[in-house]
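Residue numbers (this note's numbering): 2 to 231.
Note that beta-carbon positions come from the ideal geometry of N, C-alpha and C, so glycine has one too.
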């Protein structure tokens, strides 16, 4: 099997986001897999929270799937559609369990906050060729594309993520307070604009605001909080 790969290496140009891609080709059988580690980017610098964790998840996905199929497929046997589809499902489930173990071993399940601590996970695609058939499975927005000898696209899997993002309603519940000397007289509009400035204008669709204004009598030396609208 002849293959090549291409990916970016310029971290500065790409907002210093690390390359968390990984791929693996079997050295004994026509089996291949590609994975894209996923981490929430939350910092203005473009840095990711724990970038190495997502790459580790991508590596686990690739190694687990290739090793599982190498042990369980006999390419000399007659092609069996139902059996091969079931193998891909079992292989994915095994990879998922191992990535879960990675998160538990690193304690992410106990300190998850999606900012400093985010899940180590990955999207990916797995495929193998048996006879004249190509079998594949994929998850998320990492899919498969097939081109002919003239480099014309003949087939491409659908993005499984985008439809959910387009349909899902994102709700921001503004349960906030102003802190003396920092955000005094900050309105809910100011808070929303600050969120948009540090992310993007479509960060959420709906904002729920507490309109009950609570006035607190705070001593001049008290480090308490002043409660305002929102």
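query	result
Close beta carbons around residue 145, own chain, < 8 angstroms, minus the five adjacent residues each side	126, 128, 137, 139, 156, 157 and 158
Distance between residue 79 and residue 73 (C-alpha atoms, nearest Å)	14 angstroms
C-alpha distance - residue 111 paired with residue 57, whole-angstrom precision	19 angstroms
Limits of the unbroken beta strand (DSSP E) element including residue 233	Since the first and last residues shown for the chain are 2 and 231, residue 233 lies out of range.
Which residues DSSP lists as bridging residue 35, in chain order	24 and 126
Rounded distance between the beta-carbons of residue 29 and residue 66, thought under 8 angstroms	That pair is no contact at about 14 angstroms.
Option in 153, 206, 37 and 5 with minimal Cα separation from residue 170	206
Whole-angstrom distance between residue 107 and residue 62, CA atom to CA atom	17 angstroms
Cutoff 6 angstroms; reference residue 32; Cβ partners in own chain excluding five residues on either side	67, 70 and 129
For residue 67, the three-state DSSP class (helix, strand or coil)	helix
Pair within 9 angstroms by beta-carbon distance, residue 173 and residue 196	yes
Bridge partners - residue 134, DSSP secondary structure assignment	131
Proximity winner among 148, 164, 84 and 121, relative to residue 1 (alpha-carbon distances)	Not covered by the structure: residue 1. The range shown for the chain is 2 to 231.
Assumed close pair residue 96, residue 39 - CB separation to whole angstroms, cut-off 8 angstroms	Going by Cβ atoms, the distance from residue 96 to residue 39 rounds to 14 angstroms, so no, they are not a contact pair.
DSSP-derived helix/strand/coil call for residue 88	helix
Exposure label - residue 89; buried when at least 16 CB within 10 Å	buried
Residue 208 versus 190, 201, 199 and 198, residue with shortest Cα-Cα distance	190
Alpha-carbon spacing of residue 142 relative to residue 104, whole angstroms	21 angstroms
Straight-line gap, residue 87 to residue 199 (C-alpha atoms, nearest Å)	44 angstroms
Straight-line gap, residue 102 to residue 109 (C-alpha atoms, nearest Å)	10 angstroms
Beta bridge counterpart(s) of residue 173 as assigned by DSSP	208
The alpha helix (DSSP H) enclosing residue 155, as first and last residue numbers	First-last for residue 155: 154-157, but that is the beta strand (DSSP E), not the alpha helix (DSSP H).
Distance CB(residue 76)-CB(residue 131) smaller than 9 angstroms	yes
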